[in-house]
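The sequence shown runs contiguously to residue 399 in this note's numbering.
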Amino acid sequence: MTEVERDAELRRLAARLLDRAWQGAAGYCVPNRRSYPHLWLWDSCFHVIAWAALGDRRAVEELQTVFAGQFAGGFLPHIRYRDGSIRHRHRGPLAGSSSFTQPPVYVRALLAVRDAGMEIPAELLDRAASALDALWRDRLRDGLLVVVHPWEAGTDDSPRWDSWVGSHRWRRRRWTAFDREIASRAVYGADGQAIDSTAFVVAPASFNAIAADAARCLGDLLDDDTWRRRAGDLADTLDARAWDADQGLWWDVPVVGGGESCRTPTVDGVLPALCTANREHASTALDQLIDPARFHAPFGPRFLPKDHPWYRPRRYWRGPAWPPINFYLWLAALRQGRRELARDLAERTKAAVLRARFSEYWDPETGRGLGARPQTWSAVAVALGAAFTAESPGG
Ligand code: GLC
Numbered sequence: 005m006t007e008v009e010r011d012a013e014l015r016r017l018a019a020r021l022l023d024r025a026w027q028g029a030a031g032y033c034v035p036n037r038r039s040y041p042h043l044w045l046w047d048s049c050f051h052v053i054a055w056a057a058l059g060d061r062r063a064v065e066e067l068q069t070v071f072a073g074q075f076a077g078g079f080l081p082h083i084r085y086r087d088g089s090i091r092h093r094h095r096g097p098l099a100g101s102s103s104f105t106q107p108p109v110y111v112r113a114l115l116a117v118r119d120a121g122m123e124i125p126a127e128l129l130d131r132a133a134s135a136l137d138a139l140w141r142d143r144l145r146d147g148l149l150v151v152v153h154p155w156e157a158g159t160d161d162s163p164r165w166d167s168w169v170g171s172h173r174w175r176r177r178r179w180t181a182f183d184r185e186i187a188s189r190a191v192y193g194a195d196g197q198a199i200d201s202t203a204f205v206v207a208p209a210s211f212n213a214i215a216a217d218a219a220r221c222l223g224d225l226l227d228d229d230t231w232r233r234r235a236g237d238l239a240d241t242l243d244a245r246a247w248d249a250d251q252g253l254w255w256d257v258p259v260v261g262g263g264e265s266c267r268t269p270t271v272d273g274v275l276p277a278l279c280t281a282n283r284e285h286a287s288t289a290l291d292q293l294i295d296p297a298r299f300h301a302p303f304g305p306r307f308l309p310k311d312h313p314w315y316r317p318r319r320y321w322r323g324p325a326w327p328p329i330n331f332y333l334w335l336a337a338l339r340q341g342r343r344e345l346a347r348d349l350a351e352r353t354k355a356a357v358l359r360a361r362f363s364e365y366w367d368p369e370t371g372r373g374l375g376a377r378p379q380t381w382s383a384v385a386v387a388l389g390a391a392f393t394a395e396s397p398g399g
């Protein structure tokens with residue numbers, strides 16, 4: 005199959021996948037009917053990016069649905085249940101939605117809509133600004149944004165949280181108990197949104213990188229220097245406080261609890277290359293994506309280095325490759341002018357998504373699909389290399 009034929013096949017299958025997952029009346033895609041039957045915040049943003057790359061106007065509709073769930077103070081919950089009366093007591097006190105959030109991918113979604121030549125409804129720009137404002141208002145601690153549950157980083161069972169869990173040996177039951185315990189230790193604000201925790205507060209490198217990128221892109225969309233400044237400040241603080249010269253990666257800065265596990269060399273520690281002004285840090289981190297002893301793998305990048313003691317290529321967030329991470333690594337490579345690396349990441353991701361039959365995540369060594377299948381966010385592979393150019397992703 006030629007590259008052109010492969011891309012055409014990828015687009016055909018991605019369009020079919022999203023179309024089948026589309027909930028017409030509700031205006032969003034369920035990530036997977038059985039495992040994930042609700043609206044997930046960053047998943048929906050990746051659907052928007054994929055819809056936009058496919059030239060489908062449901063991009064705008066799904067983004068409107070995302071913001072329709074916004075709280076009065078700007079907060080966006082990480083899950084909205086398909087039925088507003090559903091209550092999940094381990095995700096906070098609210099009916100209808102979770103009390104936690106997820107990385108702010110919605111500004112990238114707005115950009116994707118614009119780049120596809122679709123008009124951005126003005127109201128969505130205001131809503132994106134108020135969502136980001138809520139993060140800066142409620143979650144800024146000593147210059148970095150914090151999360152108060154691992155779910156908020158999106159990387160649920162990452163080894164970076166092991167110091168809180170108290171073990172490097174992953175066991176489903178242990179993690180379920182841990183997640184519940186952390187949810188019960190959250191402090192909730194007036195609207196029921198999580199704002200703090202007595203047990204788990206951490207400033208993840210990846211969450212901050214995605215937020216800094218969002219702020220910079222919003223600054224460009226609105227031509228507003230306040231957002232550009234916020235982006236620059238966050239990036240500079242990451243370099244000052246979260247650069248780990250030993251690993252050549254950014255680590256996650258613990259605020260309440262935590263410990264050494266925050267320095268585990270996971271590939272999301274490369275993501276501040278998206279926003280840093282420090283070229284040396286960026287190239288040291290990005291070079292590890294082409295190093296076979298680190299993250300480079302046939303269907304990678306892998307989530308941990310090959311020889312790392314906690315590397316498990318098939319275990320949930322402890323080794324496999326994930327579409328949202330690959331998407332942002334690809335953007336980071338473009339942002340730093342690493343076109344060849346960006347192309348390599350795009351090619352590997354597309355090949356893996358096809359081989360893994362649009363799985364939630366996959367084994368980076370073999371491309372074997374893992375987790376839910378099919379899972380809609382894998383469709384974001386169609387955006388890699390197509391709708392964005394080195395200049396257009398806000399770069
Ligand atoms: C898992 C992932 C999370 C994602 C959700 C739905 O919980 O860890 O990042 O949003 O599934 O796909």
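We treat Cβ as the ideally placed atom computed from N, Cα and C, and that holds for glycine.
Can you check whether the CB of leucine 136 is closer than 8 Å to the CB of leucine 14?
On the sequence shown, residue 14 is found 10 positions in, with the first residue counted as 1. On the sequence shown, residue 136 is found 132 positions in, with the first residue counted as 1. In this structure, leucine 14 sits away from leucine 136, with a CB-CB distance that is not shorter than 8 Å.
Tell me whether serine 39 is buried or exposed, calling it buried when 16 or more other Cβ atoms sit within 10 Å of its Cβ.
Your numbering for residue 39 matches position 35 in the sequence shown. Answer is exposed; the Cβ neighbour count stays below 16.
With three or more C-beta pairs closer than 8 Å as the rule, is the region 78-93 touching the region 15-25?
No, the region 15-25 does not touch the region 78-93.
Is tyrosine 85 near ligand 1, with its Cβ less than 7 Å from a heavy atom?
Here residue 85 corresponds to residue number 81 of the sequence shown, with the count starting at 1. For tyrosine 85, the shortest separation between its Cβ and any heavy atom of ligand 1 does not lie below 7 Å.
Relative to ligand 1, is the shortest distance from any of its heavy atoms to the C-beta of glutamine 106 smaller than 7 Å?
In the sequence shown, counting from the first residue as 1, residue 106 sits at position 102. Yes; taking the cut-off as 7 Å, the Cβ of glutamine 106 has a heavy atom of ligand 1 nearer than that.
Assign alanine 391 to one of three DSSP states: helix, strand, or coil.
As a working note, residue 391 is residue 387 in the sequence shown. The predicted position of alanine 391 is uncertain, since its pLDDT is 38 and thus under 50; no value can be drawn from it.
Contact check, glutamate 364 vs leucine 374 under 8 Å by CB: the rounded distance?
As a working mapping, residue 364 is identified with position 360 in the sequence shown. As a working mapping, residue 374 is identified with position 370 in the sequence shown. Taking 8 Å as the upper bound for CB-CB distance, glutamate 364 and leucine 374 are in contact here, some 7 Å apart.
Over what stretch of residues does the beta strand (DSSP E) that includes serine 162 continue unbroken?
Within the sequence shown, residue 162 is the residue found at index 158, counting from 1. Careful: serine 162 lies outside any beta strand (DSSP E) and carries neither H nor E.
In this structure, how does DSSP classify arginine 118 when only helix, strand and coil are distinguished?
By one-based count along the sequence shown, residue 118 stands at place 114. Secondary structure at arginine 118: helix, using DSSP grouped into helix, strand and coil.
When you compare each of Arg112, Glu65, Asp146 to proline 206 by their alpha carbons, which one comes out closest?
As a first step, residue 206 is located in the sequence shown; it is residue number 202 there, counting from the start. First, the residue type needs correcting, since residue 206 is valine and not proline in the sequence shown. The candidate whose alpha carbon is nearest that of valine 206 is Asp146.
Quick check on this structure: which residue in Val169, Phe331, Pro309 has the alpha carbon closest to the alpha carbon of tryptophan 185?
Position 181 of the sequence shown holds residue 185. First, the residue type needs correcting, since residue 185 is glutamate and not tryptophan in the sequence shown. Per the Cα distances, Val169.
Looking only at C-alpha atoms, which of Pro328, Ala346, Trp334, Glu156 sits nearest to alanine 383?
What you label residue 383 is simply residue 379 of the sequence shown in a count that begins at 1. Looking only at Pro328, Ala346, Trp334, Glu156, the smallest Cα-Cα distance to alanine 383 is reached by Pro328.
Select from Arg37, Ala246, Pro269 the residue whose C-alpha is nearest the C-alpha of valine 259.
Walking along the sequence shown from the start, residue 259 turns up at place 255. Considering only alpha carbons, the answer is Ala246.
Coil, strand or helix - leucine 293 by DSSP:
Start at 1 with the first residue of the sequence shown, and residue 293 comes out as number 289. Leucine 293: helix per DSSP, three-state reduction.
How many angstroms separate the CA atom of glutamate 395 from the CA atom of alanine 277?
Locating residue 395 in the sequence shown gives position 391, counting from the first residue. Locating residue 277 in the sequence shown gives position 273, counting from the first residue. Below a pLDDT of 50, predicted positions are generally treated as unreliable, and glutamate 395, at 42, falls in that range; the measurement from the model is reported next regardless. Straight-line Cα distance between these residues: approximately 16 Å.
In angstroms with no decimal places, state the Cα-to-Cα distance between serine 188 and serine 102.
The residue you call residue 188 lines up with position 184 of the sequence shown. The residue you call residue 102 lines up with position 98 of the sequence shown. Cα-Cα distance, rounded: 13 Å.
Short Cβ contact (8 Å threshold) for arginine 86 with alanine 30:
Within the sequence shown, the letter at position 82 stands for residue 86. Within the sequence shown, the letter at position 26 stands for residue 30. The Cβ atoms of arginine 86 and alanine 30 lie closer than 8 Å to each other.
Hey, is proline 35 close to ligand 1, as in C-beta under 7 Å from one of its heavy atoms?
Taking the first residue of the sequence shown as position 1, residue 35 is located at position 31. True, at least one ligand heavy atom lies under 7 Å from that Cβ.
Measure from the C-beta of lysine 310 to each C-beta in chain C and report whether the shortest distance is under 8 Å.
The question asks about chain C, but that chain is absent: this structure has only one protein chain.
According to DSSP, is valine 151 helix, strand or coil?
As a working mapping, residue 151 is identified with position 147 in the sequence shown. Strand, per DSSP.
Contact check, arginine 141 vs leucine 149 under 8 Å by CB: the rounded distance?
Against the sequence shown, residue 141 aligns to sequence position 137. Against the sequence shown, residue 149 aligns to sequence position 145. Separation of the CB atoms of arginine 141 and leucine 149 is rounded to 11 Å, and the pair is thereby denied contact status at 8 Å.
Could you check where the alpha helix (DSSP H) with valine 8 kicks off and where it finishes?
For the purposes of this step, residue 8 is identified with residue 4 of the sequence shown, where counting begins at 1. Going by DSSP, valine 8 is part of the alpha helix (DSSP H) stretching over 7-25.
According to DSSP, simplified to helix, strand and coil, what is histidine 94?
Position 90 of the sequence shown, counted from the first residue, corresponds to residue 94. Strand at histidine 94.
Any idea what DSSP makes of valine 384, helix, strand or coil?
Against the sequence shown, residue 384 aligns to sequence position 380. Valine 384 falls in the helix class under three-state DSSP.
Within its chain, find whatever has a CB closer than 6 Å to the CB of tyrosine 32; leave out the 5 residues flanking it on each side and keep chain order.
As a first step, residue 32 must be located in the sequence shown, where it is residue number 28. Leu43, Ser48, Glu66, Thr69, listed in sequence order.
I want to check one thing, is the minimum distance from the CB of glycine 73 to the heavy atoms of ligand 1 below 7 Å?
Here residue 73 refers to the residue found at position 69 when the sequence shown is read from its first residue. Checking every heavy atom of ligand 1 against the Cβ of glycine 73, none is found closer than 7 Å.
Let's see if you can read the secondary structure: which residues bound the beta strand (DSSP E) around isoleucine 124?
Against the sequence shown, residue 124 aligns to sequence position 120. Per DSSP, isoleucine 124 belongs to no beta strand (DSSP E) and is neither H nor E.
Candidates Arg95, Met5, Arg131, Asn330: which alpha carbon is nearest valine 111's?
Residue 111 sits at position 107 when you count from the first residue of the sequence shown. Looking from the CA of valine 111, the closest CA among Arg95, Met5, Arg131, Asn330 belongs to Arg131.
Kindly list the residues whose CB is nearer than 6 Å to the CB of asparagine 36, restricted to its own chain and excluding five residues on each side of it in sequence; keep chain order.
Your numbering for residue 36 matches position 32 in the sequence shown. Excluding residues within five positions, the ones whose Cβ falls inside 6 Å are Ala376, Gln379.
Check whether the Cβ of aspartate 47 lies closer than 7 Å to any heavy atom of ligand 1, and answer yes or no.
Taking the first residue of the sequence shown as position 1, residue 47 is located at position 43. Aspartate 47 Cβ: within cutoff of ligand 1.
Determine, using beta carbons only, whether histidine 172 and phenylalanine 204 come nearer to each other than 8 Å.
Walking along the sequence shown from the start, residue 172 turns up at place 168. Walking along the sequence shown from the start, residue 204 turns up at place 200. Result no, Cβ atoms of histidine 172 and phenylalanine 204 do not sit closer than 8 Å.
Going by the DSSP bridge assignment, what does leucine 139 pair with across the sheet?
Stepping through the sequence shown from its first residue, residue 139 is reached at position 135. The partner list for leucine 139 (beta bridge, DSSP) is empty, contrary to what the question assumes.
Going straight from the alpha carbon of alanine 337 to that of leucine 345, what length do you get?
Translated into positions along the sequence shown, residue 337 becomes position 333. Translated into positions along the sequence shown, residue 345 becomes position 341. When rounded, the separation of the alpha-carbon atoms in alanine 337 and leucine 345 is 6 Å.
Looking only at its chain, what residues have a beta carbon closer than 8 Å to the beta carbon of leucine 358, apart from the 5 residues adjacent to it on each side?
Looking up residue 358 in the sequence shown gives position 354. Residues Arg10, Glu13, Leu14, Leu17 of the same chain have their beta carbon placed closer than 8 Å to that of leucine 358, with the five preceding and five following residues left out of the count.
Rounding to the nearest angstrom, what Cα-Cα distance links arginine 316 and lysine 310 in this structure?
Translated into positions along the sequence shown, residue 316 becomes position 312. Translated into positions along the sequence shown, residue 310 becomes position 306. Here the C-alpha atom of arginine 316 lies approximately 9 Å from the C-alpha atom of lysine 310.
Give me the DSSP bridge partner(s) of alanine 190.
Counted from its first residue, the sequence shown places residue 190 at position 186. Under the DSSP definition of a beta bridge, alanine 190 partners with Ser201.
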